[in-house]
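Working notes, structure below.
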Amino acid sequence: DPGTKQHYQSTIRLVTGRKHQVRAQLASLGCPLIRDTLYEPIAGMTLDNLVDEYAEERMDEAMQQVRVPREAIGLQAHAILFAGVRAKARTPWWAE
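One gets my numbering by counting positions in the sequence shown from 1 and adding 4 to each.
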């Protein structure tokens, strides 16, 4: 549940299919997935904005909050095409 946080639904086409590609890239842009406790604490932290004297402290604090998600995160395939068979997903829990 995103609660009062601003959120949006987006369509993303994977190029490589790597498991954390979408999660890591969106978090680096400051747009972590709903309930993604693995990447949300470090959202927006990129090398170009970790150059001041407090950067190491901010990174340490963020890394202490990183956890493997215990609930479903806001990421779902809309449809999957495999070996000529297309499967379409139901409406995700966060959009109901």
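Ideal Cβ positions, reconstructed from N, Cα and C, are used throughout, including at glycine.
Values in this document were obtained by computation on a predicted structure and should not be read as measured data.
Of the residues L42, L30 and A81, which one's Cα is nearest the Cα of R90? Proximity to R90 across L42, L30 and A81 peaks at A81, based on C-alpha coordinates.
Taking 8 Å as the cut-off, does the segment 38-45 touch the segment 57-77 (at least 3 CB pairs, one atom from each stretch)? With a cut-off of 8 Å, the segment 38-45 and the segment 57-77 count as touching, because enough Cβ pairs lie within range.
Quick one: what's got a C-beta closer than 8 Å to L79's C-beta in the same chain, skipping five residues either side? V26, R27, L37 and D40
Note down the Cα distance separating G34 from T8, rounded to an integer number of angstroms. C-alpha of G34 to C-alpha of T8: approximately 17 Å in a straight line.
Determine the extent of the alpha helix (DSSP H) in which R74 is found, giving its start and end residues. Segment: none, R74 is in no alpha helix (DSSP H) and carries neither H nor E.
Quick check: what's the CA-CA separation for L30 versus T50? 12 Å
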